[in-house]
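Scroll down for the structure; my scribbles are underneath it.
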Amino acid sequence: MTESRSRFARLFHTEAGTDTVLLRLLHSKSGLVGIFILAALSAVALLSSFIAPYSPYAIVASPYLPPSQSHLLGTDGLGRDIFSQMIYGTRLSLEIGFVSAVGITVIGTVVGVVSGFAGSYVDEALMRFVDVMLVIPSIAFMIFVATIMGPGVVSVLTVIIVFGWPPLSRMIRSQTLSIKRRGFVESAVVSGSPRYYTLFRVILPNMTSLIVANAMLAVIYAIIADASLAFIGLASTNSYSWGSVLYNAQIEGAIYHNGMLWITLPGVAIAITGIAMTLIARAFGDITDPRFSTEGR
Amino acid sequence: MSGIVELADLKIIFPTSRGDVNAVDGVTLSVEEGSVFGIAGESGCGKTTIGLALMGIIRKPGRSEGGIRVNGKDVSSMKDEEQRLFRWKEVSMVFQGAMNSLNPVKNIGYQIAEVIRDHSQVTRQKSMEMATELLKKVRLPATILDRFPHQLSGGQKQRVVIAMAIALNPKLIIADEPTTALDVVSQEYVLQMLKAVVEASNSTVVLISHDLSLLAEMCDYIAIMYLGKIMETGRAEDILANPSHPYTLALLDSNITIDKRGKKVESIPGYPPSPINLPRNCRFSDRCAFATSECYESEPPPTTMKDGRTVYCYHPRYEDGEG
Amino acid sequence: MSAYGRFLLRRAVYAVITFFIALVMIFIIPRLVAVNPVDIIAASQQLPPSAIRQLTVEFGLNKPVYVQFLLYLKNVILTFPPNLGFSYEYYPISVWKLISISLPWTLFLVGTSVAISAFLGTMMGLYAGMNRGGILDRMMSYAAMTTQSLPYFWIAIVLQILLAVVLRVFPIGGAISITDVSPPYSLPWIQDVVYHALLPMITIVIATTPVYSIIMRNTLVDIVREDYMVAAEAKGLKKSTLYNTYGLRNGILPVVSLIAVHFGYVVGGALLVEIVFSYPGVGTLLFNAILSHDYPLIQGIFFILAITVIGANFIADVIYSYIDPRIRYT
Amino acid sequence: MEKGERIELKEASVNYSTGGRNVAALDGVSISIGLNERVSVVGESGAGKTTLGRAVLGLVRLDGGSIEFMGKDMGRMRRRAILDFRRQVQPVFQDPYDSMNPTQNVLQYLSMPQRFLMKSSRAEMREKSESLLETMGLESDMLWKYPHQLSGGQKQRIAIARALATEPRFIIADEPTSMLDASAAAGILNLLRKLAVERDMGYMLVTHNMGVAAYSADRIIVMYSGRVVEDQKTESIVTSPRHPYTSVLIGHAPVSAGVAVNRPTELAGSDADPDAIDPWKLAGCRYSARCTRRLDECTRVVPELKETGGGGRAACHNPLDAE
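Protein chains in written order, with the working numbering: chain A, 674 to 970; chain B, 364 to 686; chain C, 70 to 399; chain D, 16 to 338.
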């Protein structure tokens, strides 16, 4: 056997053993649809400067133009092209989604496995803290913190990550606890496996698909949270995400300016992304609750 | 002669993504009314599936072929309500691992009374009185009525399950591994109780177990199953004392008992084949010490021996019983 | 004390600890992020130096941090009604006064919507889980996927456009008609209130029902595989018994704890829905407070929200432990 | 065997709290087992037999007393000494379906103890793993298999192979056959026995089944509710048990068909319901509530584990006579 194969196997083997995470994804029809949508959105994000006909900041026409050939979604109150704002918004929204998801997944996983594996006081302390974070209304608290930090991408990312990891950590912890009780973990311990090895090489690989699935859901959670913050004016004013396009539509009274597409399209974009992420996550099969907060007591 | 249970070439198939699992693969048997009939076999041989099929329970996407007649009724063609009333009234079941077969959120009294009330027009109070009486039969005090399953020991739960099974005086009781997972002394206790209530009620019992010692003690007749098919069936004492089928022989030989200490017990070599796409030959041939070329070619037809047993083998071992 | 009593006590202690930690966070976060809350206010309100000095004294910021904290605790815990300071925007109305006017609207809105969606979700989930793979099951799966992927406020906006602007079936916003002069709690008044609350409620119900139904459905899918379910089927119990005392009674447990965990999230979403409909609840109050940088009001709102959500969680704990005999009778 | 090559438990105690009460899973257990002895620990659920095995493996912390390995107190061992101990004492766990990591193949599973306890090189691990499979009678292409591709019997063989990878002196096997079919169980026990003889290795077989104990061990230790009640050579304990509880266990052990059984009863009458007794609430002998030979002092004084002649010990105020 070659070592490279075993590394690959260790990384991608799921509960099903030979069935790799990637294979599982490709085998599932809905997973493929999800990947296709995600790929298309990513392409739009990466190529936004080529696709967008105008700069999203440039005043290119008269204000409140209805949708037309040259301005697919019309123009805003300053005469800027809304379609271009949506295209650029794709990039920022996806960036916020994925960066937050990475942060949430890393913190949530580390806290979860450490808490579950260490047990006793460490566990008690971490989980009490997580309980607090779960109980407080996170969107409201995000608003609170973002108000204090002031608008901007950094503060948005910070609050999304800070309030996003606790549910995940709880789920990872309970999963760690149940895996910890299984025979193969004790079998590793009596094989002289050091703690780090038991934790990261024996226990963690058994949660790969769970973690990946929840990372996908964290993306949509972050995009929605960003939109929520933007919606009450806490997003950065000098860059566009889908949330800030929607915010502008709302405060500029798009309903009264033939701006139906302007006001609905950002939500549709968010929903499409969310459906793609959920489809991919479901393909991993390990999720019970689309909003990763199934943990009872 | 027609028995209380008549299975005619019964097949139960569970489709999976890798192919059809033939959990029960052509079983023909007849259970005489008033007898205790044992179904023996190791895990995956289809004995539990048969037990559930007798009540008309085949979980989707599973399906059955062939005939299941219980108490003269065709179980597989029943309508919903007819089937519901047939269950428990005519056939009841003592479940395997009583640990989990009780509703965790309701107390024992409620659960016994519930069965009674869903099958007859009795008042709540009357059904509770009946529940108390039933518990008495399995020597449990009335205080158990208010208890929840998690507050009882395994043996107590198993006895509650027995009390439930006789609640409607069914003609047939199916007992699926009724003592597995209990301590030996509780096992004995539960067994005595089962014997007593069965004798008192004149019910027929189909006892499903992997434990040959238990079957030897309880049964009049026995069927030995392997991979969804009967290998040998007949009077329990005949078969267990003088097994005919090489599988029965090997099974009895591999059973570790206290009197075999110091002797060598041989396990059955090899592993059972996958129940998906079973070959059309004797399914034990790969592991059989007596297999010849015909065993690998076709499935052996039933042979009736002198003592009345039926053996599905080209080379039955117990020659004296040959017909 | 009984094991059940000990369980409740432990939960109560947890709730108090959680509340305390939330208090500490409300106190600390502004001090961690910004050096001085007064600076933020001063910058946004362009206050003269004398006012800044007065504010500093009022906030007790000239004292050591622990004294500030004790002072803060004294104001919010030992005083009733809690002394949450005065709003800048609505001076001299106290923060408590403003919140006590708007909180009932939010509780009414969220409480009613959650009750409706919990009921609907549970029933739909029960049916879908007992009939896995059926039409409702598949439809629910897609509905959940979609509403999970949408911000609450966007659903609110779309409904507003559709039902209030285009079709004009419902009012665009507010909690009571400006023209309504009927006395509070009279029948016409109640009708008017319900009429105004319908659209925000429908929004929250649409957003949350699928969440509850999916949880219930997934729980049921596991329960249906349990031995006791097979046993219930074998017992020839009536369909209503199977659904009620087996499916519903066992499946409701995780849903109750989910509703608790989820409650904070729903409240957060509801705040934004309020903003869309200019509903005079805490959400709209908060929105205005943020716009006008009304710092004490924002802090006060979070204090109240924390109490509400922690309290709701504790109630859910009590309900959960009451309906699960494995906790109640150990 | 050199003197001191033993595992010695001195008044070892382990407490658990379940359902609001404290239960002594091990209550002052003192036994000494030579590293080349083949011992079986027998008891029903709650006897503390599994805790005993786990305590010796260092997987549970003692609440009192000590366990010494070759004269050294395990509670005071440093990491190096613990690794050395692990190399010499290895377990086989009960559940073969659970003892292999689903994300590791057989080679990785067999390599782990060699890697951490022997510091073997990659090539050595590969070679050793292949030879282990051969010893177990398994094909070498099984190295690349994942657990879900193996049967229960195969997994248990591989679990034994893993335990043998470090050339241990002693194996602790906790119910290694209880999850397997009877026909596979004998194979596992025979293999264990054969390997022990070939490698001059001892083992401690934890089981609830007196038949399995008598078949595989030279010495049997009987436990009840956290205490050792009897400790004798196999032949003498089976033919002439001294503790009444042992005689009940032996009387209820499985026997071959046709072998006469004499089942000793426990205390007659409904108050002797074995399911209704909480032995931890009893002041004296924990078995006293079920015992037919109960004396007055049994309910007051805890019986000590005393020599019974012939090297055996029993903890009973009123033991059965030796035959």
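Note that CB positions come from ideal geometry on N, CA and C, so glycine has one too.
Being a predicted model, the structure only gives us computed values, none of them experimental.
Discussion item. On the CB-based measure, 16 or more other CB atoms within 10 Å of its CB, does Ala-1018 of chain A come out buried or exposed?
Written reply: Shown here, chain A extends from 674 to 970; a query on residue 1018 of chain A therefore has no answer.
Discussion item. Between which two residues does the alpha helix (DSSP H) holding Phe-371 of chain C run?
Written reply: Counting along the chain, the alpha helix (DSSP H) containing Phe-371 of chain C begins and ends at 364-392.
Discussion item. Is the separation between the beta-carbon of Ser-231 of chain D and that of Leu-207 of chain D shorter than 8 Å?
Written reply: It is a contact, given that the beta carbons lie within the stated cut-off.
Worksheet item: Given that Asn-382 of chain C touches chain A, what residues does it touch there, using C-beta distances under 8 Å?
Response: Neighbours of Asn-382 of chain C across chain A, judged by C-beta separation under 8 Å: Val-808.
Worksheet entry | Candidates B:Ser-566, B:Tyr-675, B:Asp-383, B:Gly-407: closest to Glu-662 of chain B by CA position | Among B:Ser-566, B:Tyr-675, B:Asp-383, B:Gly-407, the Cα nearest to that of Glu-662 of chain B belongs to B:Tyr-675.
Item to complete: Would you verify that the beta carbon of Leu-264 of chain D is, or is not, closer than 8 Å to some beta carbon of chain B?
Response: With respect to chain B, the C-beta atom of Leu-264 of chain D has a partner C-beta closer than 8 Å.
Fill in: Gln-229 of chain C beta carbon less than 8 Å from that of Phe-346 of chain C
The Cβ-Cβ distance between Phe-346 of chain C and Gln-229 of chain C falls below 8 Å.
Worksheet item: Quick one: does Pro-939 of chain A have its CB under 8 Å from some CB of chain D?
Response: No, no contact with chain D.
Discussion item. If I follow the unbroken beta strand (DSSP E) through Thr-379 of chain B, where does it start and stop?
Written reply: DSSP places Thr-379 of chain B inside the beta strand (DSSP E), whose first and last residues are 368-379.
Worksheet entry | Unbroken stretches of the beta strand (DSSP E), 3 residues or longer, contained in the stretch 389-477 of chain B | Entirely contained in the stretch 389-477 of chain B, the beta strand (DSSP E) runs reaching 3 residues are, in chain order, 399-403, 426-433, 454-457.
Worksheet item: If you measure from the CB of Asn-51 of chain D, is any heavy atom of the ligand MN nearer than 7 Å?
Response: Of ligands this structure carries none, so the ligand MN is not represented either.
Worksheet item: The beta strand (DSSP E) spanning Pro-106 of chain D covers which residue range?
Response: Where Pro-106 of chain D is concerned, the enclosing beta strand (DSSP E) stretches over 104-107.
Fill in: Beta carbon proximity, Ile-845 of chain A to chain C, threshold 8 Å
Closer than 8 Å: no.
Item to complete: Taking Lys-452 of chain B as the query, report the chain C residues whose CB atoms sit under 9 Å from its CB, ordered along the chain.
Response: Per Cβ cutoff of 9 Å: Gly-305.
Fill in: Closest Cα partner of Ile-186 of chain D within the set D:Met-140, D:Lys-143, D:Arg-69, D:Asn-116
Among D:Met-140, D:Lys-143, D:Arg-69, D:Asn-116, the Cα nearest to that of Ile-186 of chain D belongs to D:Arg-69.
Fill in: Whole-angstrom distance between Met-85 of chain D and Ala-385 of chain C, CA atom to CA atom
For Ala-385 of chain C and Met-85 of chain D, the distance between alpha carbons rounds to 55 Å.
Practice prompt. Could you list which residues in chain D have their beta carbon closer than 7 Å to that of Val-863 of chain A, in chain order?
Written response: The answer, in chain order, is Leu-72, Arg-101, Gln-105, Pro-106.
Discussion item. Tell me the DSSP secondary structure of Gln-217 of chain C in three-state form.
Written reply: Shown here, Gln-217 of chain C sits in a helix according to DSSP, grouped into three states.
Item to complete: Give the interface partners of Leu-418 of chain C over in chain A, defined as CB-CB distance under 7 Å, in chain order.
Response: The structure shown has nothing for residue 418 of chain C, since chain C only spans 70 to 399.
Worksheet item: What first and last residue would you give for the alpha helix (DSSP H) that runs through Thr-278 of chain C?
Response: Run containing Thr-278 of chain C: 256-293, per the alpha helix (DSSP H) assignment.
Worksheet item: Closest Cβ-Cβ distance between Arg-868 of chain A and chain D: below 8 Å?
Response: With 8 Å as the cut-off, Arg-868 of chain A does not count as an interface residue toward chain D.
Worksheet entry | N-terminal and C-terminal residue of the alpha helix (DSSP H) that Gln-488 of chain B is part of | Note, Gln-488 of chain B: alpha helix (DSSP H), 487-500.
Worksheet item: Considering only residues of the same chain and omitting the five flanking positions on each side of Gly-167 of chain D, which have a CB-CB separation below 6 Å?
Response: Cβ neighbours of Gly-167 of chain D within its own chain (closer than 6 Å, five residues either side excluded): Pro-111, Leu-195.
Worksheet item: Looking at the structure shown, is Glu-322 of chain D part of a helix, part of a strand, or coil, going by DSSP?
Response: Reduced to three states, the DSSP call for Glu-322 of chain D is strand.
Worksheet item: Can you tell me the Cα-Cα spacing of Gln-640 of chain B and Val-387 of chain B, whole angstroms?
Response: Note that residue 640 of chain B is Asn in the sequence shown here, rather than Gln. When rounded, the distance between both Cα atoms is 13 Å.
Item to complete: Assuming Gly-316 of chain C and Ile-283 of chain C form a contact by the criterion Cβ under 8 Å, report the distance between their Cβ atoms to the nearest whole angstrom.
Response: At roughly 16 Å, the Cβ-Cβ gap does not stay under 8 Å, so Gly-316 of chain C and Ile-283 of chain C are not in contact.
Item to complete: Report the rounded CA-to-CA distance for Leu-220 of chain D versus Phe-108 of chain D, giving the unit in angstroms.
Response: One C-alpha to the other measures close to 10 Å.
Practice prompt. State yes or no: is the beta carbon of Ala-954 of chain A nearer than 8 Å to at least one beta carbon in chain D?
Written response: No Cβ of chain D is located within less than 8 Å of the beta carbon of Ala-954 of chain A.
Practice prompt. Would you list the one or two residues that DSSP bridges to Tyr-239 of chain D?
Written response: DSSP links Tyr-239 of chain D through a beta bridge to D:Arg-242.
Worksheet item: Where do the ends of the alpha helix (DSSP H) carrying Lys-558 of chain B lie?
Response: Where Lys-558 of chain B is concerned, the enclosing alpha helix (DSSP H) starts and stops at 547-564.
Worksheet item: By DSSP, does Ala-174 of chain D sit in helix, in strand, or in coil?
Response: Helix at Ala-174 of chain D.
Discussion item. For Leu-890 of chain A and Met-950 of chain A, I'd like the C-alpha separation in whole angstroms.
Written reply: For Leu-890 of chain A and Met-950 of chain A, the distance between alpha carbons rounds to 6 Å.
Worksheet entry | In chain order, each beta strand (DSSP E) run of at least 3 residues that lies wholly inside the stretch 688-753 of chain A | Runs of the beta strand (DSSP E) inside the stretch 688-753 of chain A: none found.
Fill in: Nearest candidate by alpha-carbon position, reference His-744 of chain A, set A:Leu-934, A:Ile-953, A:Ala-944, A:Asp-804
Of A:Leu-934, A:Ile-953, A:Ala-944, A:Asp-804, the residue nearest in Cα terms is A:Leu-934.
Discussion item. Does Ile-924 of chain A pass the burial test, meaning 16 or more other C-beta atoms within 10 Å, or should it be called exposed?
Written reply: By the neighbour-count rule (16 or more Cβ atoms within 10 Å), Ile-924 of chain A is not buried but exposed.
Item to complete: Kindly identify the DSSP beta-bridge partner or partners of Gly-327 of chain D.
Response: Per DSSP, D:Gly-324.
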